[in-house]
Amino acid sequence: MSLLLMLGGAAHAAEQLDRDSAQKLLERAAAAAKQENYAGTYVYQYGDEVATYRMIHLNDGQLDAERRESLDGPPREYYRAGTQVSIYPADQTGGSLDRRYTAKLFPRQLPEQPEKLLNVYGIKRLGHERVAGLQSTVYQLEPLDQYRYPHRFWMDDQSGLLLKWIVMGMRTEAMQTFAFTNIQQGGNVDRRWLKPTRTLQPVTIDSSVGSAKVAQEPGWDIKALPNGFRLLKQTSKTLPGKNRTVIHHLYSDGLTTVSVFIEPYHQRLPLGLAHQGATHLFVRQSGGALVMALGEVPAVTVEAFATAYNAR
């Protein structure tokens, strides 16, 4: 990270965008990730983990397709054509991928309709930097409360495509980073990269969203939750090979998700707070059940979610 940004913009004071300008900016970035043709290599860093991926995205107006492959560690490959997804290696459990996961892969972090996001985040323009040889403008999504992390992103000045994305901690430290190291856009994209190199397995995309607009669960009282999070999904399933049912409520503010799990009490999970990188987990007992809240959010957020659920 440049000295300019580490010092908070010594040469250019941060500029707060008004809501209309912020919404247009986010819409432009979301549209570029979906509509532009681009290919390149990006680095993902999370804690001590560093991985490099090559990817290509093509949209000819009729088909929206992309392919990603790992360049280090065990070979992994991901291919999507429209809503059909295939992967390598095969998933031996026969599991499914969540639709929200497939729609949020870098550089598609931003929702296509970001207006609700601006109820809980503001946007500042921090300055200008080069990323992968391209001129970009640096912005920061600044949370309006304590329940979210700041997110810093670099937008290509020409196309609007996200070139770099950092999830930042409360002390502005980088906790999770995606960054292109090289990229081609438009007519320069080599379409041969789109062809899979391995035998891929089609996977099911789970697009279920549940039926409840407000979380309701028999036998439970659910108090007010942190502002800006809405219920996306409410499911209940019996785990394979285990004689217990797990309830899952999935919430999102448009950028970040938090999961709440409820299952019969057991001692295999310690109570209290745990974390790895940007991800926090809070576990508590309520009645004869365990309540677990998990997400890439500050500790106060998962604790607020877990304590909001109380057995009657």
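Going by my numbering, the sequence shown opens with residue 190, and the numbers climb by one from there. Note that beta-carbon positions come from the ideal geometry of N, C-alpha and C, so glycine has one too.
Residue j beta carbon less than 8 Å from that of residue i
| i | j | result |
| --- | --- | --- |
| Ala404 | Phe369 | no |
| Pro303 | Gly417 | no |
| Ser448 | Thr434 | no |
| Glu258 | Leu350 | no |
| Trp354 | Gln298 | yes |
| Pro300 | Ala218 | no |
| Leu421 | Tyr440 | yes |
C-alpha distance - residue i paired with residue j, whole-angstrom precision
| i | j | result |
| --- | --- | --- |
| Gly375 | Gly250 | 13 Å |
| Glu452 | Thr427 | 10 Å |
| Tyr235 | Gly408 | 38 Å |
| Glu204 | Arg314 | 5 Å |
| Glu216 | Arg360 | 28 Å |
| Ile276 | Ala413 | 39 Å |
| Leu383 | His437 | 36 Å |
| Leu460 | Val472 | 5 Å |
| Asp334 | Arg419 | 16 Å |
| Gly262 | Thr241 | 9 Å |
| Arg341 | Asn432 | 44 Å |
| Arg265 | Gly476 | 43 Å |
| Asn248 | Val378 | 11 Å |
| Ser400 | Val392 | Unreliable placement is indicated for Ser400, whose pLDDT of 47 sits below 50; no coordinate value is reported for it. |
| Arg501 | Leu252 | 50 Å |
| Val232 | Thr386 | 21 Å |
| Leu352 | Leu330 | 15 Å |
| Trp343 | Leu206 | 15 Å |
| Leu214 | Lys305 | 14 Å |
| Val486 | Gln390 | 32 Å |
| Glu406 | Met244 | 41 Å |
Burial state of residue i (16 or more Cβ within 10 Å)
| i | result |
| --- | --- |
| Ala493 | buried |
| Asp209 | exposed |
| Val356 | buried |
| His246 | buried |
| Pro296 | buried |
| His464 | exposed |
| Arg256 | buried |
| Val239 | exposed |
| Ala222 | buried |
| Thr490 | buried |
| Pro415 | buried |
| Arg269 | buried |
| Gln365 | buried |
| Ala228 | buried |
| Trp278 | Note that residue 278 corresponds to Pro in the displayed sequence, not to Trp. Label assigned to Pro278: exposed. |
| Leu260 | exposed |
| Asp345 | buried |
Cβ separation of residue i and residue j, assumed to be a contact under 8 Å, to the nearest whole Å
| i | j | result |
| --- | --- | --- |
| Gly311 | Val327 | Their Cβ separation, rounded to whole angstroms, is 15 Å, which puts Gly311 and Val327 out of contact at 8 Å. |
| Thr445 | Arg337 | 6 Å |
| Val274 | Ile411 | Not confirmed; about 33 Å, so no contact. |
| Leu470 | Leu483 | 5 Å |
| Ala506 | Leu462 | A query on residue 506 cannot be resolved here, the shown segment of the chain reaching from 190 to 501 and no further. |
| Gln212 | Leu307 | 6 Å |
Chain C contact for residue i (CB, 8 Å cutoff)
| i | result |
| --- | --- |
| Tyr336 | Absent here is chain C; the protein component of the structure consists of one chain. |
heavy atom of the ligand MG below 7 Å from residue i C-beta
| i | result |
| --- | --- |
| Ser210 | The ligand content of the structure shown is nil, which means the ligand MG is not present either. |
Please list the segments of the beta strand (DSSP E) lying wholly inside the region 422-481, counting only runs of 3 or more residues, in order along the chain.
434-441, 446-453, 461-465, 468-475
Counting only runs of 3+ residues fully inside the region 311-399, write out the beta strand (DSSP E) ranges in chain order.
323-332, 340-345, 351-357, 363-374, 390-395, all fully within the region 311-399.
At 4 residues or longer, and completely inside the region 205-275: list those alpha helix (DSSP H) runs for me, N to C.
For the region 205-275, whole alpha helix (DSSP H) runs of length 4 or above, ordered along the chain, are 208-224.
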